[in-house]
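Numbered according to the working numbering, the sequence shown spans residues 1 to 465. Yeah, the Cβ is synthetic: ideal placement off N, Cα and C, and Gly gets one too. Reviewing the structure listed below.
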Amino acid sequence: MFTSLRARLWLSYALLITVALTIVAVVLLVFLIRNPLLTRQTQQQLKSVQELIAATPEEFLGDSAILGQIARENNVRLLVFNSSRNLLFDSHEGDARLPFPRRNILGRNAQTAVDANGEVWLYSTKRLADGRVLVVAAPRPRVPVWNLFTDEFLHPILQGGAIALVLSLVLAYALSRWVADPLQKVVVAARNYPSDIKTPVEPSGPREVQDLTRAFNSMVQRVESAQRSQRDFVANVSHELKTPLTSIQGFAQALLDDTADTPESRKQAAQIIFTEAGRMHRMALNLLDLARLEAGTADLKMSPVEVGTLLRGIVEKFTHQAQKAGVRLLVDVPDDLPTLYADGDRLAQVFTNLVDNALKFTPADGRVTLSARIAGAEMELSVTDTGSGIPSEALPRLFDRFYQADVSRAGGDGHGAGLGLAIVQEIVQAHGGKIGVRSQAGHGTMFVIHLPLSQTATTLARKRK
1 MFTSLRARLW LSYALLITVA LTIVAVVLLV FLIRNPLLTR QTQQQLKSVQ
51 ELIAATPEEF LGDSAILGQI ARENNVRLLV FNSSRNLLFD SHEGDARLPF
101 PRRNILGRNA QTAVDANGEV WLYSTKRLAD GRVLVVAAPR PRVPVWNLFT
151 DEFLHPILQG GAIALVLSLV LAYALSRWVA DPLQKVVVAA RNYPSDIKTP
201 VEPSGPREVQ DLTRAFNSMV QRVESAQRSQ RDFVANVSHE LKTPLTSIQG
251 FAQALLDDTA DTPESRKQAA QIIFTEAGRM HRMALNLLDL ARLEAGTADL
301 KMSPVEVGTL LRGIVEKFTH QAQKAGVRLL VDVPDDLPTL YADGDRLAQV
351 FTNLVDNALK FTPADGRVTL SARIAGAEME LSVTDTGSGI PSEALPRLFD
401 RFYQADVSRA GGDGHGAGLG LAIVQEIVQA HGGKIGVRSQ AGHGTMFVIH
451 LPLSQTATTL ARKRK
């Protein structure tokens with residue numbers, strides 16, 4: 001019954017008002033028990049009469065008529081005793097006699113006395129100049145506290161409680177609308193996703209609900225981005241496989257129907273089939289490697305790596321290719337460079353890919369430089385070429401899977417599948433590092449990698465990955 005947010009808010013406000021009123025009633029009842037209201041009113045009445053008498057000249061206080069008038073007008077009992085404690089005057093003559101006060105200290109709270117009939121009186125005293133004692137008395141109220149509470153306070157409490165309850169329900173309704181309506185928009189958007197979400201849900205309501213709405217919008221954007229990536233992935237894989245499969249199918253058909261009827265043509269057809277099959281095999285391996293890296297299941301063999309030795313090995317590996325392209329390969333590494341805790345084979349894979357790309361897009365008489373240096377708690381590694389650069393619009397997507405910039409950089413053969421840089425980025429991130437690219441048309445390209453020097457930082461990054 002009370003499963004909705006609105007119902008629970010209403011119920012909580014009703015319970016809150018009920019509990020508050022109950023506490024008020026109990027506190028008031030306890031206060032009345034400990035400090036009887038009518039008794040305090042009687043004490044205040046005695047005090048007022050005493051102040052009136054204090055302002056009356058003492059020569060008039062010996063006049064019984066004046067004392068009787070004061071007693072009648074203020075509904076009190078006045079008694080006068082002489083210094084020998086004999087009763088000289090009693091405004092309630094004929095009533096049960098009150099004894100001489102045991103305490104007559106002026107300014108004290110009203111005292112109690114019991115008359116001959118057992119009735120309790122409250123009284124205060126005033127000593128006159130001639131030694132007489134004036135007593136102001138009134139019977140102590142006999143109304144039970146519970147009757148006083150029900151007669152005087154219960155109805156106002158119930159009326160105020162009813163008004164407060166109605167106001168609280170109205171407030172709860174408004175508050176529930178303020179909180180629940182934005183949540184309902186998110187619920188409706190989630191139920192209708194993906195068919196009916198054209199614009200993000202507008203954040204409204206409390207800050208927490210607005211944060212939830214923004215998180216929902218962000219989640220929708222990430223889901224849509226993932227779906228686009230998935231569609232692009234399928235389309236790109238299909239596109240990348242289409243060309244080699246078409247070549248394989250065409251030349252296989254030529255072999256089957258004897259279109260390739262000479263030894264040279266048959267050898268050429270077989271060579272093309274072999275080359276395209278190898279290309280597909282490499283693509284499959286790269287896709288598998290990328291999937292493992294993205295899932296964090298790739299096995300990194302971490303150990304201290306001599307970065308200078310690794311970079312010089314990469315240069316040696318590409319020396320022949322660089323000489324053939326007329327490009328100089330350089331290594332810039334300080335002698336005191338510390339070792340790096342990393343997977344040496346994976347780092348070699350990173351620099352192999354970057355140097356291979358740099359050589360493809362660097363013209364003759366250009367150079368490719370591999371460098372490393374310490375930058376705070378990190379090691380900064382870079383591969384810089386003097387090629388024609390990368391278009392600025394291509395930089396944001398450079399590390400996307402299957403993305404190939406539409407460039408006319410010198411030497412570019414365009415035969416890659418667009419997976420190399422995506423794999424490079426995943427390897428760097430698996431080491432707890434980051435990679436960036438700086439490029440300007442006509443001024444070459446620089447890939448910069450930052451890796452943590454601390455073994456602990458690298459290990460934690462791998463666990464988070």
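For residue i and residue j, I'd like the C-alpha separation in whole angstroms.
i, j, result
"L370", "G432", "21 Å"
"L421", "G387", "17 Å"
"A325", "A364", "6 Å"
"L453", "E378", "5 Å"
"T362", "R438", "15 Å"
"Q440", "Q221", "31 Å"
"Q253", "K267", "14 Å"
"L473", "I157", "It is not possible to answer for residue 473, since the shown part of the chain is limited to 1 through 465."
"R191", "W10", "27 Å"
"L134", "K126", "5 Å"
"D257", "A394", "45 Å"
"L87", "F153", "42 Å"
"P206", "S168", "19 Å"
Pop quiz: residue i and residue j are said to be a contact at Cβ under 8 Å. What is the actual Cβ separation, rounded to whole angstroms?
i, j, result
"I427", "L285", "Rounded, the Cβ-Cβ distance is 15 Å, inconsistent with contact."
"R397", "P334", "Not confirmed; about 34 Å, so no contact."
"D201", "A215", "It is worth fixing the name first, because residue 201 is Val in this sequence and not Asp. That pair is no contact at about 11 Å."
"M280", "D343", "The pair is not a contact, with the Cβ atoms about 27 Å apart (cut-off 8 Å)."
"N236", "F402", "3 Å"
"L290", "L451", "Contact flag wrong, Cβ pair sits at about 20 Å."
"S91", "A71", "4 Å"
Quick one: give me the first and last residue of the beta strand (DSSP E) that residue i is part of.
i, result
"T445", "445-452"
"R279", "It is not in any beta strand (DSSP E) - R279 instead sits in the alpha helix (DSSP H) that spans 263-295."
"I435", "434-439"
"V166", "Not the beta strand (DSSP E): V166 falls in the alpha helix (DSSP H), residues 155-192."
"V331", "328-332"
Closer than 6 Å by C-beta to residue i: which residues in its own chain qualify, once you throw out the five before and the five after it? Chain order, please.
i, result
"A164", "I17"
"H320", "none"
"P354", "Position check: residue 354 holds Leu in this sequence, whereas Pro was assumed. Excluding residues within five positions, the ones whose Cβ falls inside 6 Å are V383, F447."
"S124", "L46, Q50, A110, V136"
Any Cβ of chain D within less than 7 Å of the Cβ of residue i?
i, result
"A25", "No chain D is part of this structure, which consists of one protein chain only."
What residues match up with residue i in a beta bridge as DSSP calls it?
i, result
"L419", "Paired residues: none, contrary to the question."
"S303", "A342"
"F100", "Paired residue(s): none; F100 is not in a bridge."
"R312", "Paired residue(s): none; R312 is not in a bridge."
"D90", "L79"
"S124", "V136"
"E380", "R373, H450"
"T112", "L122"
"V368", "L329, D385"
Note down, in chain order, each residue of its chain lying with its Cβ closer than 7 Å to the Cβ of residue i, except the 5 sequence neighbours on either side.
i, result
"L347", "V305, L310"
"N117", "A96"
Grab the span of the alpha helix (DSSP H) containing residue i for me, first residue to last.
i, result
"S218", "207-256"
"T319", "319-325"
"L67", "64-74"
Keeping to the same chain, check which residues put their C-beta closer than 8 Å to that of residue i; ignore five residues upstream and five downstream.
i, result
"T445", "A358, F361, T384, D385, G387, G389, I390, V437, R438, S439"
"Q44", "none"
"F233", "R401, F402"
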